[in-house]
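**Student:** To start, I am sharing the structure in question, which I have written as structure tokens.
In the numbering used here, the protein residues as written are 3 to 156.
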């Protein structure tokens, strides 16, 4: 198995909430699990038709050539209709950089019935995947910043 990433907490200053000590690093539930469970650092409820952003307090250092994809946990999608606002969250290897602490935030939407999560419960999962680039790719730009930073003109 390739060891291509490591999870960390963001700084206490970046997180800014009183529950910093309750942040749990993502883990796999079993040796056969592909997904790393992300745990809620605080209680929350997603009501029907509501959207909510969860500050995970987590960042990931990821090797070049790999990406972390965030999904809802299977049970929350199947039983409650919960999904991510962006369908799947793409965390690039350069998201954690000198200009950005790489805080992973997860926006949930669309519950068909109230979805309640207690602090410490798993509510999303992340899977590391390799990716390729085209033969004629000549991109040399470097990321500066976090959310939406790659669409901004430098």
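Quick reminder that beta carbons are idealized off the backbone N, C-alpha and C, glycines included. The structure presented is a predicted model; accordingly, all values stated were derived computationally and were not measured.
Let me know the secondary structure DSSP gives residue 24 once reduced to three states.
**Tutor:** Residue mapping note: residue 24 aligns to position 22 of the chain shown, counting from 1. Note: residue 24 maps to helix in three-state DSSP.
**Student:** Where do the N-terminal and C-terminal ends of the alpha helix (DSSP H) with residue 14 fall, by residue?
**Tutor:** Numbered from its first residue, the chain shown carries residue 14 at position 12. From DSSP, the alpha helix (DSSP H) with residue 14 extends over 14-17.
**Student:** I believe residue 63 touches residue 40 by the beta-carbon criterion, under 8 Å. Please report the beta-carbon distance rounded to the nearest angstrom.
**Tutor:** Start at 1 with the first residue of the chain shown, and residue 63 comes out as number 61. Start at 1 with the first residue of the chain shown, and residue 40 comes out as number 38. Not really, about 16 Å apart at Cβ, beyond 8 Å.
**Student:** Determine the direct distance from the alpha carbon of residue 139 to that of residue 162, and round the result to whole angstroms.
**Tutor:** It is not possible to answer for residue 162, since the shown part of the chain is limited to 3 through 156.
**Student:** Note down the Cα distance separating residue 109 from residue 87, rounded to an integer number of angstroms.
**Tutor:** The residue labelled residue 109 in the question sits at position 107 within the chain shown. The residue labelled residue 87 in the question sits at position 85 within the chain shown. Taking the straight line joining both Cα atoms gives about 6 Å.
**Student:** Please report the Cβ distance between residue 84 and residue 71, rounded to the nearest whole angstrom; I am assuming they are in contact, meaning their Cβ atoms lie under 8 Å.
**Tutor:** Along the chain shown, one-based indexing puts residue 84 at 82. Along the chain shown, one-based indexing puts residue 71 at 69. Wrong, their Cβ atoms sit about 17 Å apart, outside the cutoff.
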